[in-house]
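Down below is the structure, laid out as structure tokens.
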Amino acid sequence: MAVTHDLDVASIRADFPILSRRINNSRLVFLDSAASSQKPKSVLEAMDHFYKFSNANVHRGAYTMATEATDLMESARSKVARFIGAPSTDEIIFTKNVTEALNLVARSWGGDNLGPGDAVLVTEMEHHANIVPWHIMADQKGFDLRWIPITENGHLDLSDLDRLLDGVSLVSFTATSNVLGTINPIRHITDAAHAAGALVMVDGAQYVPHLPTDVVELGIDLFAFTGHKMLGPTGIGCLWGKSEVLEAMPPFLGGGEMILDVRKDGFTTNTLPHKFEAGTPPIAEIVGLGAAVDYLDNLGMDNVRAHEVSLTAYALRTLEERFGDSLTIHGPSEPASRGGLLSLDLAGTHPHDVSQVLDQHGICVRAGHHCAKPLMRALGVNATSRASLYVYNDESDVDALADALEAAKDFFAF
Amino acid sequence: MAVTHDLDVASIRADFPILSRRINNSRLVFLDSAASSQKPKSVLEAMDHFYKFSNANVHRGAYTMATEATDLMESARSKVARFIGAPSTDEIIFTKNVTEALNLVARSWGGDNLGPGDAVLVTEMEHHANIVPWHIMADQKGFDLRWIPITENGHLDLSDLDRLLDGVSLVSFTATSNVLGTINPIRHITDAAHAAGALVMVDGAQYVPHLPTDVVELGIDLFAFTGHKMLGPTGIGCLWGKSEVLEAMPPFLGGGEMILDVRKDGFTTNTLPHKFEAGTPPIAEIVGLGAAVDYLDNLGMDNVRAHEVSLTAYALRTLEERFGDSLTIHGPSEPASRGGLLSLDLAGTHPHDVSQVLDQHGICVRAGHHCAKPLMRALGVNATSRASLYVYNDESDVDALADALEAAKDFFAF
Amino acid sequence: MPGLEDLYREIILDHYRSPRNKGELESPPAHRAEGFNPLCGDEIVVYLQVEQGDDGTEMVSDVAIGGQGCSISQASASMMSSAVKGKTLAEIDDITRAFKAMMSIHEHELDGSETESDPAPEVKLGDLEALRGVVKFPVRIKCATLAWNTLAQAVDSDPNAG
Amino acid sequence: MPGLEDLYREIILDHYRSPRNKGELESPPAHRAEGFNPLCGDEIVVYLQVEQGDDGTEMVSDVAIGGQGCSISQASASMMSSAVKGKTLAEIDDITRAFKAMMSIHEHELDGSETESDPAPEVKLGDLEALRGVVKFPVRIKCATLAWNTLAQAVDSDPNAG
Ligand SMILES: Cc1ncc(COP(=O)(O)O)c(C=O)c1O
Ligand SMILES: Cc1ncc(COP(=O)(O)O)c(C=O)c1O
């Protein structure tokens, strides 16, 4: 285990121009990174420099700028591959977000491999992005969708896993819940799934930004994540898959770059990763994601994780002390088994109202169903307020949150 | 007809930071806008400002920055709608590029409406992005793909159109060829297609950046284009469709934002445009596209077109005078019936070598099949060098091209 | 951004804390409709007892509100229930249009459509005026209008169907 | 970026203008393989007449090159044909590996793979040395290696199949 160092949050904050903004006469306290993180200067500058110096379409141009653009894009691909421990850069497929990556697998792999009598296993804590693609394909193909339930304290209930896995072709689940913060036992589920003959896909949207990731160690087959939640720009996501799994999948989007030949009567697909990257890629966004990976690498993902565990512990402690039973925090209570996102229920208030009051204090939290309606039904709530922590947050942000929650409580008190 | 004004190219060039770059000790002469255009400062600044001031995920947040981000995104949608004459902003669907937009229609509309005995009509001058999606779906659904051939001088051969249309459900064709420059008679084809009971989709990738566009006047049903070729960023494209056509189509990507409700046993789709916009959209890129539309609006699309017609005429004349028969220029010879992109064949040289020599003179042109292999076969060539003109080009760029072509000719002369 | 007091007028908080006409009516005979805001999960159930007078005009003799939601949607539902009770359907239609006109300033801007709605009827909105501040918080407009859209559905519904 | 003279050495232009061993061989008996660079559309056809000596070693007694492409791919094919004519298959394997080693410095960097290839055999590359400058132009490496990949396929092909 690497020795971890405390993050120097003050100097990190200086790298994020937006954090010096004031909202409603208060300093900005950004606690919505789980929805979309802020971007450091280095990411914005990498994209700006790309556009001002090397902007050109990639791959087919022989001129200097086109070569530079291609090199910049491909070197970002190598960085991303290294960041998640992918054995080969050819296994890194760029998509527009994690949603597209999950749909790609549902349409391509699912279209080819699923039919009546087959089953896909998901969990009750999935984001809609890992549910609706399966509904769409189940309608077309007639396979079953099965669900791993959750326990009272917000973990997956794996007591019945072997029965659930029986006859399943693919298990697709989130690494970290975007509502509960729960970090799921990826290796455990994967081993059981493989023993039952199923492939494993993991939605890493809330995981990759926060923990050291090694897809080989996790043992999984397919992995997806999204750039805008990990200090990168919007418009870029990523699918990783084992070469042999990706090779066997038919193409998804058709067009330029994903072909070797096109004839009137058919086409021949290109090799990985191009096979799945039709059309002009989000080039500047890929360059930006590469810079985001550099930034996180430089902080050290072990340090990022350590920072978040200790800040989450502080938050859980502070909120418990100040609000006791009048504040429910969904999900696991042990900081070590969860990410730094806290779904809150303040007695006598509605999340929508809470977030409005918090905004008046410059605090950004998300209120709603967080694109996880089946989970909300399992929790028996309509909405929560979610505060999420990242590298630029510190204890003063948690204190500001607690103060503003206090104000909300008073405001709506009966 | 609006009175047109000459573009002030010198002042336009000052808006594009990259144009002051030097390549191999020469000034940059960028003649590859058909592959991807350069971006004015205003576009880069709009995105930078978004990230530094209002960056947040859209639609569901109640806090100030989330509201600002949503407003910025939706106001860009209105700008884009106005720019192409869409009757309603709800008909504007943002995608990652035009390739995704065309695939969306092939998968969603095609998946629902095409089967054995049906036919889709395309043309021999399509980009792979409007061919391969149909190949993929034809494989799955068993319908026929038919082809409108081209004439000797690079126009569509419409002499047999009525027979070709017989039994066709959809005609999908490019507004402007990315190899020949040909501007197709959209209204004529559309009227014939509608008379035959077929829907019409048009690939506007090479059209929208260069001409005033009015989808209602064109009479078409579906229209797609891409941001990076019209002064906008990478990572953003657009599908427009008539409301009733889009309403009738099933969703494509599943996930957040495109749903009204998700249950374990199914989901309910959201209204337009959200129904087709799953996941976090390319928010900054949409804002950037809005700024690109502002920039083009400000120039005036009539003026852009007039500039390109006169510059294309100058280029055709200059190259003819200086190279005569030793240079073949594919496509129509009348500037008024073509866009400003010139596919060149210099006797005794290979396009790859030509573009390499040109690069030595700071000139960027594209060499290759331009993602239009069926067209290359119809033309009987493997590759061409393509020089494409845009708002920041002027006669000095054409002269530089001619000088460098001269050098290439000498270099490879036998 | 305007302050919280623009949004949460005292009268709104009062309706939120002490909602009027909370409950259910037996249906049938009462009209019943459910409304749903997918963005925030708010739910409203509107029950209307509609009676026909001797002159043939229909009026709402009783109303009840179920469901749950944020202060704005709950207060709006409560105020709406008070405003429609004892009114004829024609009067209710006028109130609804007047209320929506007050709200829709912003809805129009948002969806970018250019159509002008009919001029709003001259109706005293009373307590409902307190919701005017919501238009300054565009994301909350849907909270305020949810009860009213559900009301319209309830009026149109056939109590004996289903 | 390096100058054009690094890429287009005089000897390359010479092979481009006067390609050696241009033509076809009857197949069978000749081995035949087609190579294709999808990025630029270049095509190469390699014909090899392979004969077995008394000691069992196989050698290329004749070679012919068809197809079309840019100066680099054409010159590389022409030089390759001269280099392999009259050589045993074992010698050809050595030349191929030496040539690829000269080129692959950059291929490796590009695909990011970390595997080290076997050390390149000690072979005099002669004229082929002129192609060394191509590595400075990464997009052109595929042009230079096309003929060699096709050669390998031709060697492996069964002239009597199909
Ligand atoms: C006519 C045409 N259609 C489609 C495309 C594909 O565009 P994109 O790569 O942005 O999806 C292009 C450009 O590459 C084009 O010229
Ligand atoms: C667990 C999880 N999966 C998927 C997504 C969808 O991400 P995106 O909108 O970037 O596709 C999110 C975030 O919204 C998420 O938290």
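Residue numbers (the numbering used here), protein chains in the order written: chain A, 1 to 414; chain B, 1001 to 1414; chain C, 2001 to 2162; chain D, 3001 to 3162. We put the beta carbon where it would ideally sit given N, CA and C, even for glycine.
At least one heavy atom of ligand 2 falls within 7 Å of the beta-carbon of H127 (chain A). Neighbours of L1260 (chain B) across chain C, judged by C-beta separation under 9 Å: F2036 and P2038. At a cut-off of 8 Å between C-beta atoms, Q3068 (chain D) counts as an interface residue with respect to chain B. In the same chain as S1326 (chain B), and ignoring 5 residues on each side of it, the C-beta atoms closer than 6 Å to its own belong to A1347, in chain order.
In this structure, I93 (chain A) and E277 (chain A) form a Cβ contact; the two beta carbons are roughly 6 Å apart against a cut-off of 8 Å.
Residue pairing by DSSP leaves L1072 (chain B) without any beta bridge partner.
In the three-state scheme derived from DSSP, where H, G and I count as helix and E and B as strand, D32 (chain A) is classed as strand. For A1306 (chain B) against T1004 (chain B), the beta-carbon gap comes to about 4 Å, under 8 Å, which counts as contact.
Within the stretch 3042 to 3074 of chain D, the residues whose Cβ lies closer than 9 Å to some Cβ of chain B are D3042, E3043, Q3068, G3069, C3070, S3071, I3072, S3073 and Q3074, listed in chain order. Burial state of S2027 (chain C) is buried, judged by a 10 Å Cβ sphere holding 16 or more other Cβ atoms. The closest heavy atom of ligand 2 lies 7 Å or more from the beta carbon of A2154 (chain C).
Of all residues in the stretch 2132 to 2150 of chain C, only F2137, P2138, V2139 and R2140 come within less than 9 Å of chain B when Cβ atoms are compared, listed by chain position. Under the Cβ distance rule, A1062 (chain B) counts among the residues neighbouring chain C, one pair being separated by less than 8 Å. Under the three-state reduction of DSSP output, I18 (chain A) falls in the helix class. In the three-state DSSP reduction, I2092 (chain C) falls in the helix class (H, G or I). For F1412 (chain B), the neighbours in chain D by C-beta distance under 9 Å run, in chain order, Y3008, L3013, Y3016, R3017 and S3071. In the DSSP assignment, Y1295 (chain B) falls outside any beta strand (DSSP E) and lies within the alpha helix (DSSP H) extending over I1283 to L1299.
Between G204 (chain A) and G331 (chain A) the beta-carbon gap is near 18 Å, outside 8 Å, which marks them as no contact.
With a cutoff of 8 Å on beta-carbon distance, M249 (chain A) and D90 (chain A) are scored as not near each other. Only exposed fits K2124 (chain C), as fewer than 16 other CB atoms lie within 10 angstroms of its CB. Counting along the chain, no beta strand (DSSP E) covers I1150 (chain B), and no H or E run does either. Placement of the Cβ of D1203 (chain B) at a distance of less than 7 Å from at least one heavy atom of ligand 1 is found. The beta carbon of I2092 (chain C) sits closer than 6 Å to the beta carbons of V2084 from its chain, once the five residues preceding and following it are set aside; these are given in chain order. Within the same chain, Cβ atoms closer than 7 Å to the Cβ of L1231 (chain B) are found at S1037, K1039, P1040, V1043, A1292, Y1295 and L1296, the five residues on either side in sequence being excluded. With a threshold of 8 Å between beta carbons, G1279 (chain B) makes contact with chain A.
Between V1365 (chain B) and Y3047 (chain D), the alpha-carbon positions lie close to 35 Å from each other. Residues of the stretch 228 to 248 of chain A with a C-beta less than 9 Å from any C-beta of chain B: H228, K229, P233, T234, G235, I236 and G237, listed in chain order. Annotated three-state conformation of E126 (chain A) is coil, per DSSP. With its beta carbon at least 8 Å from every one in chain B, L3128 (chain D) lies outside the interface.
Here DSSP, grouped into helix, strand and coil, assigns T67 (chain A) to helix. The beta carbon of L1260 (chain B) sits closer than 6 Å to those of T1268 and N1270, all from its chain and outside the five residues before and after it, given in chain order.
V1398 (chain B) has its alpha-carbon roughly 8 Å from the corresponding atom of T1318 (chain B). Where E3051 (chain D) is concerned, the enclosing beta strand (DSSP E) starts and stops at D3042 to Q3052. Not flagged as an interface residue toward chain A: L2025 (chain C), since no C-beta distance is shorter than 8 Å. With a beta-carbon spacing of about 5 Å, A383 (chain A) and G2041 (chain C) fall inside the 8 Å limit used to define contacts.
M2080 (chain C): member of the alpha helix (DSSP H) spanning S2071 to V2084, first to last residue.
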